[in-house]
Amino acid sequence: MTTRSIVALVAGIAIIFWLACAYWTYKDARLRIEDSWLVGCATALGLVPFVGPLVYMLFRPPEYLEDVRERELEIKAIEDRLSRRDLICPVCRSAVDTSFLVCPVCTTKLRQACVNCRAPLEALWQVCPYCETPIESMGGASIVPRRER
């Protein structure tokens with residue numbers, strides 16, 4: 007091979023690498039940036055030989071748009087679940103309703119019942135809001151699994 011053909015081969019490889027870097031910058035920017043104008047700017051930056059893609063890598067958004075949307079959906083699902091006010095049994099982790107006195111799966115006592123109207127009571131209440139009966143203290147046995155089966 008002559009010197010001229012070696013130079014042409016190295017130049018061809020450098021041009022292919024340069025175009026591949028610009029194409030990679032475009033593809034990555036489309037996955038990370040919503041605004042098409044900014045994607046165009048990132049692609050133009052990627053066309054700057056060899057330095058442009060490195061600069062883009064320093065300033066690109068840290069996560070993909072799909073990951074951002076997925077995280078937002080997960081946060082919304084968690085907020086919806088928390089706003090429903092459903093409870094989870096502290097022992098077996100099964101879903102229980104707010105009106106349950108015991109867990110139907112593991113029989114853990116979840117709430118105290120009013121002695122007069124049998125309505126479920128919160129631990130901090132001093133009086134039953136349904137029948138105005140004063141609440142006796144629970145004696146520290148608010149969430150204790152029952153032994154009988």
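If you want this note's numbering, it's the position in the sequence shown, counting the first as 1, plus 6.
Glycine residues also receive a C-beta, built at the ideal position from the N, C-alpha and C atoms.
From a predicted model like this one, the values you see are computed outputs, not experimental measurements.
When the options are compared against residue i, the one with the closest alpha-carbon
i: C123; options: C109, C112, P140; result: P140
i: V61; options: R87, E72, C47, P126; result: C47
DSSP-derived helix/strand/coil call for residue i
i: V150; result: With a pLDDT of 43 at V150, under the threshold of 50, the predicted position of this residue should be treated as unreliable, though the coordinate-derived value follows. Correct three-state label for V150: coil.
i: V133; result: strand
i: L15; result: helix
i: P67; result: coil
i: A20; result: helix
i: G145; result: With a pLDDT of 49 at G145, under the threshold of 50, the modelled position of this residue cannot be trusted; read the value that follows with caution. Coil.
Sub-9 Å separation of residue i and residue j beta-carbons
i: C109; j: C95; result: yes
i: D34; j: R66; result: yes
i: L37; j: Y70; result: yes
i: A129; j: Y136; result: no
i: L93; j: V102; result: yes
Same chain only: Cβ atoms within 8 Å of residue i, ignoring 5 sequence neighbours per side
i: A28; result: T49, G52, L53, G58, P59
i: E165; result: Any question about residue 165 goes unanswered here, given that the chain covers just 7 to 155.
i: S105; result: P126
Contacts around residue i, its chain only, beta-carbon distance under 7 Å, and the 5 residues preceding and following it disregarded
i: E40; result: L71
Residue(s) in a DSSP beta bridge with residue i
i: P126; result: A119
i: I94; result: A101
Neighbourhood of residue i by C-beta distance below 6 Å, restricted to the same chain and skipping five residues each side
i: W24; result: P55
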